[in-house]
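Residue numbers (the UniProt record's numbering): 1 to 384. Notes follow the structure.
Listed below in structure tokens is the structure:
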């Protein structure tokens with residue numbers, strides 16, 4: 001299909017490539033071979049495009065619902081509504097607990113395996129409830145989100161800020177679930193316009209600004225004590241450049257709410273680009289420390305998507321040629337992972353020497369890829 005407006009954009013070639021990969025490779029594969037008859041998606045696919053018997057984590061199912069709703073919004077003409085709706089109904093019927101929170105894992109054939117509620121899972125259920133509620137025209141899903149948020153606010157608040165991480169114990173508190181709560185609350189506000197969701201989103205943004213970002217360096221710290229002080233030892237200095245980019249992308253969007261989001265984005269992006277890009281492979285690596293030293297030089301797929309998203313958001317805001325170049329570099333980095341014998345699968349971990357770690361394609365990554373490609377297509381076609 002010819003899109004004259006898109007062709008005029010300097011990144012139009014990338015947008016067309018992204019659309020072709022989503023519609024021609026990823027969506028058909030995950031809608032068929034990546035799908036269980038009961039209505040759940042595969043946890044992962046091997047290099048031949050076949051699923052294994054790995055348990056199905058709830059947040060991965062929620063991410064797939066989002067991904068198919070987004071690909072439907074962008075124009076995929078496959079049965080995205082049926083796929084997303086069937087999975088959503090399965091999660092509500094079998095994954096929702098009496099307290100309105102959601103379980104952690106299913107077996108490969110869809111039986112409940114782990115009834116515990118995990119904070120990260122709750123964030124992604126809220127996120128997909130918002131997107132599916134709009135895409136499928138289902139106000140009942142937005143009501144489910146209200147009940148889930150009630151349960152979190154009444155039982156999972158932490159006195160130091162944010163939410164507790166039980167039922168699954170961990171040695172430290174994490175910034176990451178709160179980032180995804182910000183994403184979820186923002187999505188629900190965009191769908192409903194309800195002040196509740198805007199207030200919760202702003203609360204998460206404030207928490208990041210005041211507690212998660214190192215004031216000396218602009219780095220985003222990952223791990224904290226119960227009082228939201230950086231964790232002792234090296235754990236309290238670990239930074240994931242991909243999360244710097246992801247939070248920066250979210251703060252770019254906050255500018256529309258009157259926040260100084262661009263200023264916060266500038267600091268996060270400056271640190272992430274200065275310390276977190278492998279100069280040889282030109283990909284975002286997994287971990288550095290607040291002093292800028294490399295802590296984990298491997299590079300997973302998902303940080304490449306966050307690098308792309310924030311470059312696109314900053315390109316729209318500034319119009320600067322360097323952001324256009326950065327977006328193109330980030331997309332080319334992402335494409336390294338998508339060059340597979342079975343189109344629609346991907347590599348996940350790149351070594352510093354340019355080789356990939358042999359492993360199945362994790363289904364959790366489709367959310368990251370789809371979100372980044374949607375950002376690209378929407379930017380080129382003028383919807384953002």
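Where is the CB? At the ideal position from N, CA and C, for every residue including glycine. From a predicted model like this one, the values you see are computed outputs, not experimental measurements.
Helix, strand or coil at residue i according to DSSP, with G and I counted as helix
i: residue 101; result: coil
i: residue 298; result: coil
i: residue 252; result: helix
i: residue 274; result: helix
i: residue 362; result: strand
i: residue 289; result: strand
i: residue 349; result: strand
i: residue 172; result: coil
i: residue 357; result: coil
i: residue 220; result: strand
i: residue 280; result: coil
i: residue 9; result: coil
i: residue 3; result: With a pLDDT of 45 at residue 3, under the threshold of 50, the modelled position of that residue is not reliable, and the figure given next carries that caveat. In this structure, residue 3 counts as coil in the three-state DSSP scheme.
i: residue 380; result: helix
i: residue 269; result: helix
i: residue 241; result: helix
Pair within 8 angstroms by beta-carbon distance, residue i and residue j
i: residue 100; j: residue 150; result: yes
i: residue 51; j: residue 45; result: yes
i: residue 308; j: residue 63; result: no
i: residue 403; j: residue 316; result: Not covered by the structure: residue 403. The range shown for the chain is 1 to 384.
i: residue 119; j: residue 182; result: no
i: residue 14; j: residue 331; result: yes
i: residue 374; j: residue 11; result: no
i: residue 34; j: residue 41; result: yes
i: residue 221; j: residue 236; result: yes
i: residue 39; j: residue 107; result: no
i: residue 348; j: residue 274; result: no
i: residue 432; j: residue 205; result: With the chain covering only 1 through 384, there is no way to say anything about residue 432.
i: residue 102; j: residue 121; result: yes
i: residue 381; j: residue 313; result: no
i: residue 191; j: residue 267; result: no
i: residue 117; j: residue 131; result: no
i: residue 272; j: residue 241; result: yes
i: residue 288; j: residue 280; result: no
i: residue 227; j: residue 160; result: yes
i: residue 184; j: residue 127; result: yes
i: residue 259; j: residue 306; result: no
i: residue 397; j: residue 174; result: Here the chain comprises residues numbered 1 to 384, so residue 397 is not present and cannot be evaluated.
i: residue 26; j: residue 363; result: no
Unbroken alpha helix (DSSP H) run spanning residue i, endpoints
i: residue 315; result: 302-318
i: residue 146; result: 139-155
i: residue 183; result: 176-192
i: residue 59; result: 58-74
i: residue 92; result: 80-94
i: residue 385; result: Only positions 1 to 384 of the chain appear in the structure, and residue 385 is not among them; the question remains open.
i: residue 202; result: 195-207
i: residue 50; result: Note, residue 50: premise wrong, no alpha helix (DSSP H); not H, not E.
i: residue 28; result: 27-32
First and last residue of the uninterrupted beta strand (DSSP E) at residue i
i: residue 324; result: That residue, residue 324, is in no beta strand (DSSP E); its alpha helix (DSSP H) goes 321-338.
i: residue 43; result: Element bounds for residue 43: n/a, residue is neither H nor E.
i: residue 113; result: 112-114
Assigned exposure category for residue i - 16 Cβ within 10 Å defines buried
i: residue 170; result: exposed
i: residue 176; result: buried
i: residue 368; result: buried
i: residue 215; result: exposed
i: residue 238; result: buried
i: residue 351; result: exposed
i: residue 144; result: buried
i: residue 417; result: Residue 417 cannot be examined here, being either before or after the span of the chain that is shown, 1 to 384.
i: residue 318; result: exposed
i: residue 359; result: exposed
i: residue 180; result: buried
i: residue 376; result: buried
i: residue 333; result: buried
i: residue 137; result: exposed
i: residue 178; result: buried
i: residue 20; result: exposed
i: residue 219; result: buried
i: residue 326; result: buried
i: residue 290; result: buried
beta-carbon residue i near the ligand HEM non-hydrogen atom, thresh 7 angstroms
i: residue 279; result: The ligand HEM is absent from the structure shown, which contains no ligands of any kind.
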